[in-house]
Amino acid sequence: MTKINILSPLLADMIAAGEVVERPASVIKELAENSFDAGAKKVSIEFRNGGATYIRITDDGCGMSPEDAGIAFMRHATSKLHDEKGLEAIGTMGFRGEALAAISAVSRIELITREKGAAEGVKVTVQAGDIIDMTPCGCPEGTSITVRDLFFNTPARLKFLKSDRSEATACTAAALRCALGRPEVSVKCIKDGEEVFFTPGDGRADSAVYSLLGRDIANSMLPCNGELDGVEVNGFVSSPALSRGNRSMQYFYCNGRFIKSALLQSAVEQAYKNTLLTGRYPACALFIALKTSAVDVNVHPAKTEVRFSDEKKVFDVVYQTVKASLDGEAQPLELKISESTQRAVSSPRPDFFRSMPAQSYRESLKPAPPPVSPRREPVSPSLRPIVNAPLTKPRFSPGNVEKTVESVEKIADLKYRVIGECLNTYILVETGDELLLIDKHAAHERMIFDRLKAQGGQIMSQTVLTPVIIKPTAEDAELLEQNTALLNDLGFEIEPYGAADYAIRALPDDMEVSEAKAAVEEICDKLRRGDKLSADSARDEVLHTVACKAAIKAGRRHDIRELERIADAVCAGEVKYCPHGRPVSVRLSKGELDKFFSRIV
Ligand code: ADP
Ligand code: MG
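In terms of the working numbering, the sequence shown opens at residue 552 and continues consecutively.
Written out as structure tokens, the structure reads:
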């Protein structure tokens, strides 16, 4: 008796549907991609009830002839691939001829399509994979596909759908990902009768980012462009100051296709190294363009994974491009006096006295104490030239990586003056018609960190006169033993001392002896938490600690010359973020202040 059965085409399609059509959002992705492949300039994506009962995608693309419309729902029916050679260079979103077959196997579909130039169109009704009606009809050129009752014949799959709300979120996200990849196509997304987004389709990536990710994100993004050996990278990355708690705002595209890529993710994050706190992630919309033969998109039926033939090259160009863009970020953030603050301060408060507690009301009637004459710091009277970071965004191409770094232009006519220090924390600098506030600790920490990093393995060490004795826990002692080489490399000499104690005999040159104990404790803490850190990252973590402990501290007053050195580095654009990713300076413009004081409106 035979046991082997050949599955019916419908059953085969239903099984395949599992890979292609996981949820309503996958239908949106597949149909929108078909519209893009059809050369549409306008695509409308509508869905209701999370997409489970109704999805309609309409486009003004090339449309289908009645013959093609009749076979489009068959498995392996595609107009995009003709022979094996074609598989080596896929230039379209689709090519497997699976999506319509898979979707129609598990839903009720109505397809209305008219080929460009044809006198009339055709309407095809398909249910669970079978064409049940096909009639000529009048309709605009292009295609409209309505998918109803997804998974109506596969209850097991239907059960796995989440709430309408979360399916709807996934549908919008899928539509957004498609739209962001095609700035030249105007995409409209309508959820339960209401427009969620609309892109103008003007071909500009920045308009698409603005329409889809919102004004705040768009304004915080830095453009980046680079090219290396036929691999082009364009797009936007977020300023380190505006990082996010997760990776949900990272969008990668390869030849217009949204892809998930651990490789690209790590190239981007590597470029932010030492500018972001652990657990913070950049946002980005990066478009990679390369020869179709240099990338394999046939990795998974959903086509969101790709394989690059030269991964290292792609990694390098993305890394270098993003890095150059971050290095070129010239201006510190501007401090804005919020409108609510302005209103609160400038509007008269008639109930002021009534709302004041009796005690402070009496206080307010007392004569003001004589002004304390401020201790004057020597201020630097001379104006210094600002050496600014390049104002034009550097463009990365082979050979000019070095140049980009060197091409820091000196803009001699911009001057600045260190006014002094305030609140024992911030250095105040006047530059042109702006006031710069610099967090002296954060800036100094960064300077030391960069210097130590540049020194490579040769960190200067100082032998301490009286060794500092510490009592690490057994676990920390083990860490110190395991990491002796790393610690020695970074200027520490720590040896067992007696039964359980350790003696710190030498320290990095920059560090004060009084900081030694706390520094070693912090380093142990990091090494303990970071047992999966690569050697390089462990080294950076230790350097962070050394830099932090060696940097001048907030809360203490410092010599003006020291502050000036820091201001020089910040004004030269050498220092923008502390090693943890906090900004080191902020601008307050005269305009903002004038507005605040109603000097200008
Ligand atoms: P694939 O996209 O991999 O070719 P699909 O099953 O998604 O497979 O589509 C099958 C075929 O139907 C396509 O190759 C194309 O010829 C045609 N088609 C599907 N959607 C459209 C559309 N919106 N406009 C024009 N033709 C379409
Ligand atoms: Mg397709």
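Every residue, glycine too, gets a C-beta built ideally from N, C-alpha and C.
Report the three-state DSSP secondary structure of residue i (helix, strand or coil).
{"i": "residue 617", "result": "helix"}
{"i": "residue 644", "result": "coil"}
{"i": "residue 581", "result": "helix"}
{"i": "residue 1121", "result": "helix"}
{"i": "residue 1142", "result": "helix"}
{"i": "residue 1113", "result": "helix"}
{"i": "residue 1151", "result": "coil"}
{"i": "residue 1056", "result": "strand"}
{"i": "residue 803", "result": "strand"}
{"i": "residue 635", "result": "helix"}
{"i": "residue 872", "result": "helix"}
{"i": "residue 815", "result": "helix"}
{"i": "residue 772", "result": "strand"}
{"i": "residue 761", "result": "helix"}
{"i": "residue 603", "result": "coil"}
{"i": "residue 980", "result": "strand"}
{"i": "residue 1071", "result": "helix"}
{"i": "residue 609", "result": "strand"}
{"i": "residue 1079", "result": "helix"}
{"i": "residue 796", "result": "coil"}
{"i": "residue 1129", "result": "coil"}
{"i": "residue 877", "result": "helix"}
{"i": "residue 998", "result": "helix"}
On a Cα-Cα basis, can you pick out the residue from the options that is closest to residue i?
{"i": "residue 1039", "options": "1027, 1057 and 1029", "result": "1057"}
{"i": "residue 623", "options": "598, 689 and 694", "result": "694"}
{"i": "residue 760", "options": "992, 800 and 705", "result": "800"}
{"i": "residue 772", "options": "1066, 1018, 732 and 876", "result": "876"}
{"i": "residue 697", "options": "608, 592 and 967", "result": "608"}
{"i": "residue 597", "options": "1046, 671, 727 and 841", "result": "727"}
{"i": "residue 1098", "options": "998, 844 and 1018", "result": "998"}
{"i": "residue 612", "options": "665, 988, 657 and 1030", "result": "665"}
{"i": "residue 797", "options": "767, 822 and 828", "result": "828"}
{"i": "residue 832", "options": "1059, 816 and 1002", "result": "816"}
{"i": "residue 618", "options": "685, 1114 and 703", "result": "685"}
{"i": "residue 862", "options": "841, 874 and 852", "result": "841"}
{"i": "residue 745", "options": "1031, 1021, 1048 and 719", "result": "719"}
{"i": "residue 825", "options": "812, 858, 852 and 791", "result": "791"}
Given residue i, which residues of its chain have a CB within under 8 Å of its CB, disregarding the five upstream and five downstream residues?
{"i": "residue 864", "result": "779, 780 and 782"}
{"i": "residue 683", "result": "676 and 677"}
{"i": "residue 1229", "result": "Outside the displayed range of the chain (552 to 1152) lies residue 1229, so it cannot be described from this structure."}
Once you ignore the five residues that flank residue i on each side, which residues in its own chain have a CB closer than 6 Å to its CB?
{"i": "residue 854", "result": "848"}
{"i": "residue 659", "result": "678, 699 and 700"}
{"i": "residue 769", "result": "760 and 761"}
{"i": "residue 1153", "result": "Within the shown structure, residues of the chain are numbered from 552 to 1152, placing residue 1153 beyond reach of any answer."}
{"i": "residue 600", "result": "715"}
{"i": "residue 1144", "result": "none"}
{"i": "residue 844", "result": "639 and 640"}
Would residue i be called buried (16 or more neighbouring beta carbons within 10 Å of its own) or exposed?
{"i": "residue 663", "result": "buried"}
{"i": "residue 1043", "result": "buried"}
{"i": "residue 1095", "result": "buried"}
{"i": "residue 1051", "result": "exposed"}
{"i": "residue 553", "result": "exposed"}
{"i": "residue 879", "result": "buried"}
{"i": "residue 627", "result": "exposed"}
{"i": "residue 838", "result": "buried"}
{"i": "residue 1063", "result": "exposed"}
{"i": "residue 738", "result": "buried"}
{"i": "residue 898", "result": "The predicted model places residue 898 with a pLDDT of 46, which falls under 50 and marks its position as unreliable; any figure quoted below should be read in that light. That one is exposed."}
{"i": "residue 992", "result": "buried"}
{"i": "residue 1016", "result": "exposed"}
{"i": "residue 1177", "result": "Summary: the structure shown does not reach residue 1177, with the chain confined to residues 552 through 1152, and so no result is reported for it."}
{"i": "residue 566", "result": "exposed"}
{"i": "residue 716", "result": "exposed"}
{"i": "residue 995", "result": "buried"}
{"i": "residue 668", "result": "exposed"}
{"i": "residue 562", "result": "exposed"}
Excluding sequence positions up to five away, which residues of its chain have a Cβ less than 7 Å from the Cβ of residue i?
{"i": "residue 580", "result": "725 and 729"}
{"i": "residue 835", "result": "786, 787, 788, 789, 801, 802 and 819"}
{"i": "residue 643", "result": "588 and 631"}
{"i": "residue 973", "result": "979"}
{"i": "residue 1103", "result": "991, 992, 995, 1109 and 1113"}
{"i": "residue 1027", "result": "1075"}
{"i": "residue 807", "result": "732 and 733"}
{"i": "residue 1066", "result": "1100"}
Handout entry: Completely contained beta strand (DSSP E) runs for the stretch 663–750, where each covers 3 or more residues
Key = Qualifying beta strand (DSSP E) stretches, in chain order: 672–678, 681–688, 693–699, 737–742 and 745–749.
Problem - Minimum length 3: unbroken beta strand (DSSP E) runs contained in the stretch 1005–1040 - result: Given a length threshold of 3 residues, each whole run of the beta strand (DSSP E) inside the stretch 1005–1040 is given here in chain order: 1012–1021.
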